[in-house]
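Visitor: Quick one: structure below, then a few questions.
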DNA sequence: CTAAGTGCAAATGTTTTGCAGAATC
DNA sequence: GATTCTGCAAAACATTTGCACTTAG
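Residue numbers (my numbering), protein chains in the order written: chain S, 23 to 188; chain X, 23 to 188.
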């Protein structure tokens, strides 16, 4: 029931925070929205809309939610700063938890697509400085570092060239 | 004719570099591709496919190129490291020159959408370090800093709240 | 001649939206 | 009783692709 409360340093559950956000807009935490938040925060992995949709579609109990509602809810969760877009992969927006987890950035393997999180305070600090120099009021950032992950640059055998030309 | 060569520290023109890239694939620098590279490098502003398309559509001379060819060419220019995606705005990929310009990152105003470039060597250096710690072979990064630009946070009059509720 | 290149129109795939009926205050 | 919600199907949109025709080595 109160998932995602155990090993996370938050005072309020994601669902509760969602409820608060909705309240400020005169909206309600419905059964569907509640199912969605809980599913979103049930795992800390990155996900896209389609994955969330199929996770919810597999539920055998009555916890099925329509595609539209899921998309609508994702927008709200983002507005509420519960989740945020981290990247775009295969034409899909990729989300991650933005609530209850420390700020971090990602190493994105351009071969296998794996997202690896890392933390570097110095970056946030540098950005504060840059922003203030430009009179820019920073409220967040997204940093994607691309390259090859440990796994994918291991076998230096033959370069995997594209096989277009017969 | 040889635009973008004057104030840029490159040995070879973008078109020439494009030609070289194409050559490695057994492809040619056609009239259309040539028109596209030149238009892309005629200005240093950020752009999306649609903008490029309409810029080329306005040409009164025979320099018109089809939408498909432009999209196909953009892919190649990206592959060739002549341009790169910097952001995604209004559901469109935004590109910028990646050739002949120093590495930099962007402040993105979430109100007016302005992209402001900045350079911070310390970030690149930090990333090198982080990458090596993870056995990650970095080949680039994208950093979008979001917030309000100088202009947009100037008038501290009334907070521009969304006018949804009547 | 053969392979690459183009333009067109149609397809794709994600995300959004209009609407009618259901649920909630 | 009015307003918010949902699910459905259709729409919107950027981007990609199949195809027939051109063009260039």
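Just so you know, even glycine gets a beta-carbon here, dropped at the ideal spot from N, CA and C.
(1) Do the region 133-148 of chain X and the region 131-141 of chain S touch if we need at least three Cβ pairs shorter than 8 Å?
(2) In angstroms, rounded to a whole number, what distance separates the CA positions of residue 107(S) and residue 118(S)?
(3) Hey, residue 171(X) and residue 129(X) are a contact pair by Cβ (cut 8 Å); roughly how many whole angstroms apart?
(4) Would residue 161(X) pass as a contact of residue 135(S) if the rule is Cβ separation under 8 Å?
(5) Counting only runs that start and end within the region 63-149 of chain X, where is the beta strand (DSSP E) found for 3 or more residues in a row?
(6) Using a Cβ-Cβ cut-off of less than 7 Å, give me the residues of the region 144-155 of chain S that come near chain X, in sequence order.
(7) Report buried or exposed for residue 39(S), applying the criterion of at least 16 other Cβ atoms within 10 angstroms of its Cβ.
(8) Using a 10 Å radius around the Cβ and a threshold of 16 neighbouring Cβ atoms, would you call residue 122(X) buried or exposed?
(9) Is residue 49(X) helix, strand or coil by DSSP?
(10) Mark residue 104(X) as exposed unless 16 or more other C-beta atoms lie within 10 angstroms of its C-beta, in which case mark it buried.
(11) Can you have a look at residue 76(S) and say buried or exposed, based on whether 16 or more other CB atoms are within 10 angstroms of its CB?
(12) Using a Cβ cut-off of 8 Å (strictly closer), state whether residue 52(S) contacts chain X.
(13) Would you call the CB atoms of residue 92(S) and residue 64(S) closer than 8 Å?
(14) Output, in chain order, the set of chain S residues within a Cβ distance shorter than 8 Å of residue 163(X).
(15) So, do the region 143-153 of chain S and the region 52-69 of chain S have three or more beta carbon pairs nearer to each other than 8 Å?
(16) Quick check on residue 151(X): does DSSP put it in helix, strand or coil?
(17) Kindly indicate if chain S contains any beta-carbon less than 8 Å away from that of residue 188(X).
(18) Residue 53(X) and residue 44(X): beta carbons closer than 8 Å?
(19) Using a Cβ-Cβ cut-off of less than 7 Å, give me the residues of the region 126-142 of chain S that come near chain X, in sequence order.
(20) Residue 207(S) by DSSP, collapsed to three states: which one?
(21) What first and last residue would you give for the beta strand (DSSP E) that runs through residue 166(S)?
(22) Go ahead and label residue 36(S) buried or exposed: buried means 16 or more other beta carbons lie within 10 angstroms of its beta carbon, across all protein chains shown.
(23) Determine the chain S residues that contact residue 110(X) at a beta-carbon separation under 7 Å, and present them in chain order.
(24) Within a Cβ cutoff of 6 Å, which residues of the same chain sit near residue 99(S), ignoring the five residues on either side of it in sequence?
(25) Should residue 159(S) be flagged as near chain X, meaning a C-beta pair shorter than 8 Å?
(26) Shorter than 8 Å from the beta carbon of residue 42(X) to some beta carbon of chain S?
(27) For residue 90(X), is the classification buried or exposed, using 16 other Cβ atoms within 10 angstroms of its Cβ as the cut-off for buried?
(28) Should residue 153(S) and residue 116(X) be called a contact, given that it needs their Cβ atoms to be closer than 8 Å?
(29) Quick one: grab the DSSP three-state call for residue 55(S).
(30) List the whole-angstrom C-beta distance separating residue 85(S) from residue 57(S), where the pair is believed to meet the contact cut-off of C-beta under 8 Å.
(31) Measure the alpha-carbon distance for residue 163(X) versus residue 47(X) and round it to whole angstroms.
Guide: On the basis of the coordinates in this document:
(1) These segments do not touch.
(2) For the purposes of this step, residue 107(S) is identified with residue 85 of the first chain, where counting begins at 1. For the purposes of this step, residue 118(S) is identified with residue 96 of the first chain, where counting begins at 1. Going from the Cα of residue 107(S) to the Cα of residue 118(S) covers about 7 Å.
(3) Here residue 171(X) corresponds to residue number 149 of the second chain, with the count starting at 1. Here residue 129(X) corresponds to residue number 107 of the second chain, with the count starting at 1. Residue 171(X) to residue 129(X), Cβ: 7 Å. Contact.
(4) On the second chain, residue 161(X) is found 139 positions in, with the first residue counted as 1. On the first chain, residue 135(S) is found 113 positions in, with the first residue counted as 1. In this structure, residue 161(X) lies away from residue 135(S), with their beta-carbon atoms at least 8 Å apart.
(5) Listed in chain order, they are 105-111, 114-119, 127-131 and 137-140.
(6) Correct list: 144, 145, 148, 149, 152 and 153.
(7) Here residue 39(S) refers to the residue found at position 17 when the first chain is read from its first residue. It is buried - the Cβ of residue 39(S) has at least 16 other Cβ atoms within 10 Å.
(8) Walking along the second chain from the start, residue 122(X) turns up at place 100. So residue 122(X) ends up on the buried side.
(9) The residue given as residue 49(X) occupies position 27 in the second chain. Looking at residue 49(X) - three-state DSSP - the assignment turns out to be coil, as it is neither helix nor strand.
(10) Looking up residue 104(X) in the second chain gives position 82. Here residue 104(X) is buried, its C-beta having at least 16 other C-beta atoms within 10 Å.
(11) For the purposes of this step, residue 76(S) is taken as the residue at position 54 of the first chain. By the 10 Å Cβ count, residue 76(S) comes out exposed.
(12) Against the first chain, residue 52(S) aligns to sequence position 30. With its beta carbon at least 8 Å from every one in chain X, residue 52(S) lies outside the interface.
(13) Within the first chain, the letter at position 70 stands for residue 92(S). Within the first chain, the letter at position 42 stands for residue 64(S). Cβ atoms of residue 92(S) and residue 64(S): not closer than 8 Å.
(14) Residue numbering aside, residue 163(X) sits at position 141 when the second chain is read from its first letter. Chain S residues near residue 163(X): 165, 166, 167 and 168.
(15) Judged by Cβ distances under 8 Å, the region 143-153 of chain S makes no contact with the region 52-69 of chain S, as fewer than three pairs qualify.
(16) The sequence position of residue 151(X) within the second chain is 129, counting from 1. Note: residue 151(X) maps to helix in three-state DSSP.
(17) As a first step, residue 188(X) is located in the second chain; it is residue number 166 there, counting from the start. Unreliable positioning characterises residue 188(X) in this predicted model, as indicated by a pLDDT of 34, which lies under 50. The coordinate reading is nonetheless provided below. Not one chain S Cβ lies under 8 Å of residue 188(X).
(18) As a working note, residue 53(X) is residue 31 in the second chain. As a working note, residue 44(X) is residue 22 in the second chain. Result no, Cβ atoms of residue 53(X) and residue 44(X) do not sit closer than 8 Å.
(19) Against chain X - using a Cβ distance shorter than 7 Å - the residues of the region 126-142 of chain S are 129, 138, 140 and 142.
(20) Nothing about residue 207(S) can be read from this structure; chain S reaches only from 23 to 188.
(21) For the purposes of this step, residue 166(S) is taken as residue 144 along the first chain, with counting starting at 1. Annotation for residue 166(S): the continuous beta strand (DSSP E) segment containing it runs 159-170.
(22) The sequence position of residue 36(S) within the first chain is 14, counting from 1. By the 16-neighbour rule on beta-carbons within 10 angstroms, residue 36(S) is buried.
(23) Working through the second chain from its first residue, we reach residue 110(X) at position 88. Those are 110, listed as they occur along chain S.
(24) Sequence index remark: in the first chain, residue 99(S) carries index 77 (1-based). For residue 99(S), where only same-chain residues beyond five positions count, the Cβ hits under 6 Å are 105.
(25) Mapped onto the first chain, residue 159(S) falls at position 137. Chain X contact via Cβ: present.
(26) Sequence index remark: in the second chain, residue 42(X) carries index 20 (1-based). Chain S has no Cβ within less than 8 Å of the Cβ of residue 42(X).
(27) The sequence position of residue 90(X) within the second chain is 68, counting from 1. So residue 90(X) counts as exposed.
(28) For the purposes of this step, residue 153(S) is taken as the residue at position 131 of the first chain. For the purposes of this step, residue 116(X) is taken as the residue at position 94 of the second chain. Their beta carbons are not under 8 Å apart, which means residue 153(S) does not touch residue 116(X) by this criterion.
(29) In the first chain, residue 55(S) corresponds to position 33, counting from 1. If DSSP states are grouped into helix, strand and coil, residue 55(S) belongs with the helices.
(30) Indexing the first chain from 1 puts residue 85(S) at position 63. Indexing the first chain from 1 puts residue 57(S) at position 35. Contact annotation, residue 85(S) with residue 57(S): C-beta distance approximately 5 Å; criterion of less than 8 Å satisfied.
(31) For the purposes of this step, residue 163(X) is taken as the residue at position 141 of the second chain. For the purposes of this step, residue 47(X) is taken as the residue at position 25 of the second chain. Each residue's Cα considered, the two are about 26 Å apart.
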